[in-house]
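**Student:**
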Amino acid sequence: MYHPHADEMAQMAMGMMGFWVTHPKDPSLHAVDRDFVFLLNAYDVAPGSYTPKINTMLDFNLWTFNSRVFPGIDSMPVRQGDKVRIRVGNLTMTNHPIHVHGHEFFVTGTDGGWTPPASRWPEVTTDIAVGQMRAIEFVATDLGDWAFHCHKSHHTMNAMGHDVPTMIGVDQRGVAEKINKIVPDYMSMGDKGGSMGGMEMPIPENTLPMMSGDGPFGGVEMGGMFTVLKVRKDQKRGDYSDPGWYKHPAGTLAYEWTGNLPEPERSTSAGGQSMPAMNMPNVEMTVRKPSGHGEH
Ligand SMILES: [Cu+2]
Numbered sequence: 000m001y002h003p004h005a006d007e008m009a010q011m012a013m014g015m016m017g018f019w020v021t022h023p024k025d026p027s028l029h030a031v032d033r034d035f036v037f038l039l040n041a042y043d044v045a046p047g048s049y050t051p052k053i054n055t056m057l058d059f060n061l062w063t064f065n066s067r068v069f070p071g072i073d074s075m076p077v078r079q080g081d082k083v084r085i086r087v088g089n090l091t092m093t094n095h096p097i098h099v100h101g102h103e104f105f106v107t108g109t110d111g112g113w114t115p116p117a118s119r120w121p122e123v124t125t126d127i128a129v130g131q132m133r134a135i136e137f138v139a140t141d142l143g144d145w146a147f148h149c150h151k152s153h154h155t156m157n158a159m160g161h162d163v164p165t166m167i168g169v170d171q172r173g174v175a176e177k178i179n180k181i182v183p184d185y186m187s188m189g190d191k192g193g194s195m196g197g198m199e200m201p202i203p204e205n206t207l208p209m210m211s212g213d214g215p216f217g218g219v220e221m222g223g224m225f226t227v228l229k230v231r232k233d234q235k236r237g238d239y240s241d242p243g244w245y246k247h248p249a250g251t252l253a254y255e256w257t258g259n260l261p262e263p264e265r266s267t268s269a270g271g272q273s274m275p276a277m278n279m280p281n282v283e284m285t286v287r288k289p290s291g292h293g294e295h
């Protein structure tokens, strides 16, 4: 039977300027090994500007955890086997589906108090609505670096131009050169889609690149509401310092195959191959339809 306790009910309240956590008098109540807490915020700061546009209602361009964007957000280091609680409060004017990789969690706390255990279901994403807070809990079972981020993809990016036309499929040959005569820094938008993370563009002072961060395999190409849950075997109790990127055990990483591929076998028999060769001789197929009166 679940008995909410007055202390616990008042445990979580999100203030205008910060996040208030009142711990229960009995520390064994709802005990966890790691307890993280942060607020979601959003800003509209025009590229190059030093002043946020404080009258913006919806079209924000910087999405932050505790007013910081990736890679400027601390990682969340935990020890393998730790019971982890993450409390998130949303001070922005839109919802944030917060998502974690590699683990399933339960929503254990809301603004109304602790959720009764029988009401919980496993999740990997939970939407945090405007003005809401949620506490999620899970056991850090899997070693590695796990992305923890808002699932609205533009919330994992920084300032970008929204008012640009889609140039997919448009032949822009020669356009950039002509415009460069007038606007020296002009770059044509990609006509094939794909990633822009590898592009180094000159940006105005006091502006963040749209996506950045260096990972162990190259650019992470993230910004905004993104951080990394780092599960380590030897992270000491109470140690919240960054252990660096995960060192994968030998033999557990994919690598590029550079050897010779064997000649594909050419089959002339019907069936036996899901992708038959193009120049197959005419094949007669016998198809038997189910009659509906089969033996079941
Ligand atoms: Cu979001």
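For what it's worth, numbering that gives the first Met the number 0 labels the leading residue of the sequence shown as 0, then goes sequentially.
All C-beta atoms in this analysis are idealised placements derived from N, C-alpha and C, irrespective of residue type, glycine included.
Got a sec, what are the start and stop residues for the alpha helix (DSSP H) K177 sits in?
**Tutor:** That run of the alpha helix (DSSP H) goes V174 to N179.
**Student:** Within its chain, find whatever has a CB closer than 6 Å to the CB of P215; leave out the 5 residues flanking it on each side and keep chain order.
**Tutor:** Result list for P215: W244, in chain order.
**Student:** Which of the three DSSP states, helix, strand or coil, is assigned to A117?
**Tutor:** The answer is helix: DSSP assigns A117 an H, G or I state.
**Student:** In angstroms with no decimal places, state the Cα-to-Cα distance between W19 and H98.
**Tutor:** The straight-line gap from Cα to Cα measures roughly 23 Å.
**Student:** Please check the pair F59 and A41, which I expect to be a contact at CB under 8 Å, by giving their CB distance rounded to whole angstroms.
**Tutor:** About 4 Å; that satisfies the 8 Å criterion.
**Student:** In chain order, what residues of the same chain have a beta carbon less than 7 Å from the beta carbon of G47, not counting five sequence neighbours either side?
**Tutor:** Excluding positions up to five away in sequence, the list reads P203, E204, N205 and T206.
**Student:** Mark A139 as exposed unless 16 or more other C-beta atoms lie within 10 angstroms of its C-beta, in which case mark it buried.
**Tutor:** That one is buried.
**Student:** For the segment 99 to 108 against the segment 248 to 264, do three or more pairs of beta-carbon atoms, one drawn from each stretch, fall closer than 8 Å, so that the two count as touching?
**Tutor:** Not touching, per the Cβ criterion.
**Student:** Can you say whether A158 is buried or exposed, counting buried as having 16 or more other CB atoms within 10 angstroms of its CB?
**Tutor:** The residue is buried, with at least 16 neighbouring Cβ atoms inside 10 Å.
**Student:** Between H98 and ligand 1, is there a pair consisting of the residue's CB and a ligand heavy atom that are separated by less than 7 Å?
**Tutor:** No, the Cβ of H98 stays beyond 7 Å of every heavy atom of ligand 1.
**Student:** Of the choices P116, T63 and A134, whose alpha-carbon is the least far from that of V36?
**Tutor:** Checking every option, the nearest Cα to that of V36 belongs to A134.
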